[in-house]
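Undergrad: Quick one: this structure, given as structure tokens, is what I'll be asking you about.
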Amino acid sequence: METLDHVPDVALEREIAMLFLSGEKDRALLRLQDDPLAQTHPRLAFQLALLLIEIGDWIRAKRQLDRVLIMEPHFLPALRRRAALLAHEDDLTAAEEDFQRIVEIAPDEASAIANIGVILLRRGNHAAALPWLQRAATQSPTDVRIHHSLANALSGTGHHVPALDLFQRLTQGSRGNINLAADQAMALLRAGDAASAHARFLTLLAEHPDDQRCWTGRYLCASMLGLPEAPKLMDYPLLLRRIRTDLDTSGLIDAVLQLPSLRWEPAGKTTLGGLQSAMLDLSPPSPFHAFGQQVSSALHDHLLQLHDSTLDAPLDAWRLSLPSRWTLQAWATVLHGDGGHQDPHLHPAGRISGVLYLDAGNSAEGDGDLVFGHAPKDIDTAGEPHAHRHVARSGDMLLFPSWFLHHTTPYHGTRPRISLAFDLLPASL
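In this text, residue positions in the sequence shown follow the UniProt record's numbering: the first is 1, and each later residue adds one.
In structure tokens:
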């Protein structure tokens, strides 16, 4: 159901459309907010939601879309917008539900079908994603993004030959697509061809030395092949930095536990048996502002130290790729004491990452340790990893390259383990 039959005030709808098209979004927003029809008629209410999205007010836009869909549950434009907002906010469960509703109403809508498959991929459920992506690829034979996701699903389910064939066809027609090329190299590694994957990662890093996935892939290949560069890449004494902080951890703990965005085992994340938040507000007067300032100071010192250090050849290119202008993002994690942990992962968007332990808990020795160097579950490196184990202490901050694979051992304690994780990101131009 794309349109609604009854419009109580066509003149108002046209007025809003003209204001929007002429760039007078603030006037359009004020006009709609002041008119009660925008709260009672679905199409006008939807226009208000679009304006809120346009100005970046995601929270109010989501509430407005909820109102629209209460009034008209089958209004497809509102369903599409809400699903996209939910996916953007990493609320993948709710996003998938909306995309499923879209497919029920419009069974041939390829974008919704593909998005269901992509969400399942982000959750790590390649087997469930595969039929959705096959269906979407059939309907959209020239859509590179859909076929790229299909190749990842094939690789993740062990269908290595068709996955690599599809990657080969896609890369031939999409030269310079680093995301596609990196996933192709990882598919080669997953298929057991570490030598070809290693050569591919070296080529990609020569052109894209800032791609964290390629550094991770290079390390995994070197480990599988027993190359001497593997331990050099994981130079823990040089690349890990531990810092004692003097922050008010009790105030930060209270602020974390009051975060409305904390979600239990959020879909698409590696937190299991615990809670993870959305990105934190680090600006004043946020309770996390002082934390952001101290992290920024520590990162600044760490960057200076790295630039003054002597690095072996594999790591020198990584150091030179670190941004001179950067910004910070952070989020909270609360692991429960009945085995909460994080699976092996990297931070592909970051350059340098880290964690501050607000309350390391009271686990037994070996529980809840932060471990570096282990491969994800779907990749068998067939050898001992070049690992390092860090014992968490309250008040400790730890910095490391964003491409360092890391996980935690299951945490067992009588109170939760509370930490703040963060990434240094290149600043937008």
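In this text, a Cβ means the ideal position worked out from N, Cα and C, and glycines have one as well.
Just so you know, these numbers come straight off a predicted model, no measurement behind them.
Kindly indicate the opening and closing residues of the beta strand (DSSP E) around Asp-396.
TA: Counting along the chain, the beta strand (DSSP E) containing Asp-396 begins and ends at 396 to 401.
Undergrad: By the three-class DSSP mapping on this structure, what secondary structure does Thr-381 have?
TA: Thr-381: coil per DSSP, three-state reduction.
Undergrad: Between Asp-165 and Ser-155, what straight-line distance do the alpha-carbon atoms span, to the nearest angstrom?
TA: Cα to Cα, Asp-165 sits roughly 11 Å from Ser-155.
Undergrad: Can you tell me where the beta strand (DSSP E) with Ala-222 in it begins and where it stops?
TA: Careful: Ala-222 lies outside any beta strand (DSSP E), inside the alpha helix (DSSP H) at 212 to 225.
Undergrad: Which residues share a DSSP beta bridge with Val-334?
TA: DSSP lists Leu-275, Ile-418 as partners of Val-334.
Undergrad: Using only the alpha-carbon positions, how far apart do Asn-177 and Thr-40 sit?
TA: When rounded, the distance between both Cα atoms is 46 Å.
Undergrad: Are the CB atoms of Phe-400 and Gly-354 within a distance shorter than 9 Å?
TA: Yes, the pair counts as a contact, with Cβ atoms nearer than the cut-off.
Undergrad: Give me, in chain order, the residues of the same chain whose beta-carbon lies closer than 8 Å to that of Gly-226; leave out the 5 immediate sequence neighbours on both sides.
TA: Counting only Cβ-Cβ distances below 8 Å, and skipping sequence neighbours, we find Gly-383.
Undergrad: With C-beta atoms as the reference, is Leu-280 less than 9 Å away from Leu-262?
TA: Not closer than 9 Å, so no.
Undergrad: Please report the distance separating the alpha-carbon of Ala-421 from that of Glu-15.
TA: Using only the alpha carbons, I get a separation of about 47 Å.
Undergrad: Determine the DSSP secondary structure at Gly-339, reduced to helix, strand or coil.
TA: Three-state DSSP puts Gly-339 in a strand.
Undergrad: Tell me the DSSP bridge mates of Ile-352?
TA: Beta-bridge pairing links Ile-352 to Pro-401, Leu-424.
Undergrad: Can you look up Asp-98 in the DSSP assignment and give me helix, strand or coil?
TA: DSSP places Asp-98 in helix when its eight states are reduced to three.
Undergrad: Quick one, which of Ala-61, Leu-202, Ser-149, Gly-117 has its alpha-carbon nearest Ala-317's?
TA: It is Leu-202 whose Cα lies nearest to the Cα of Ala-317.
Undergrad: Closest by CA to Asp-380, which one among Arg-244, Met-186, Ala-332?
TA: Measuring from the Cα of Asp-380, the nearest candidate turns out to be Met-186.
Undergrad: Using C-beta distances below 6 Å, list every residue in its chain close to Glu-229, excluding the 5 sequence neighbours before and after it, in chain order.
TA: So the qualifying residues of the chain are Ala-222, Pro-314.
Undergrad: Alpha carbon to alpha carbon, how far is Gln-47 from Gln-253? Give it in angstroms, no decimals.
TA: The amino acid occupying residue 253 in the given sequence is Ile; Gln does not appear at that position. About 40 Å.
Undergrad: Do you know whose CA, among Met-397, His-406, Asp-423, Trp-331, lies nearest His-388's CA?
TA: For His-388, the nearest C-alpha among the options comes from His-406.
Undergrad: Quick one: what's got a C-beta closer than 6 Å to Ala-83's C-beta in the same chain, skipping five residues either side?
TA: Ala-95, Asp-98, Phe-99, listed in sequence order.
Undergrad: Helix, strand or coil, according to DSSP, for Asp-254 in the structure here?
TA: DSSP places Asp-254 in helix when its eight states are reduced to three.
Undergrad: Can you grab the Cα-Cα spacing for the pair Asp-5 / Ser-283, in whole Å?
TA: Low confidence applies here, because Asp-5 scores a pLDDT of 46, under 50, leaving its location unreliable and the question unanswered by this model.
Undergrad: Quick one: Cα of Arg-145 to Cα of Asn-179, how far?
TA: C-alpha separation (whole angstroms): 10 Å.
Undergrad: Indicate the three-state DSSP secondary structure (helix, strand or coil) for Asp-301 in the structure shown.
TA: Looking at Asp-301 - three-state DSSP - the assignment turns out to be helix.
Undergrad: So, with DSSP's three-state summary, where would you put Arg-241?
TA: In the structure shown, Arg-241 sits in a strand (DSSP, three-state: E or B).
Undergrad: Please classify Ile-119 as buried or exposed, where buried requires at least 16 other C-beta atoms within 10 Å of its C-beta.
TA: The residue in question, Ile-119, is buried, as its Cβ has 16 or more Cβ neighbours within 10 Å.
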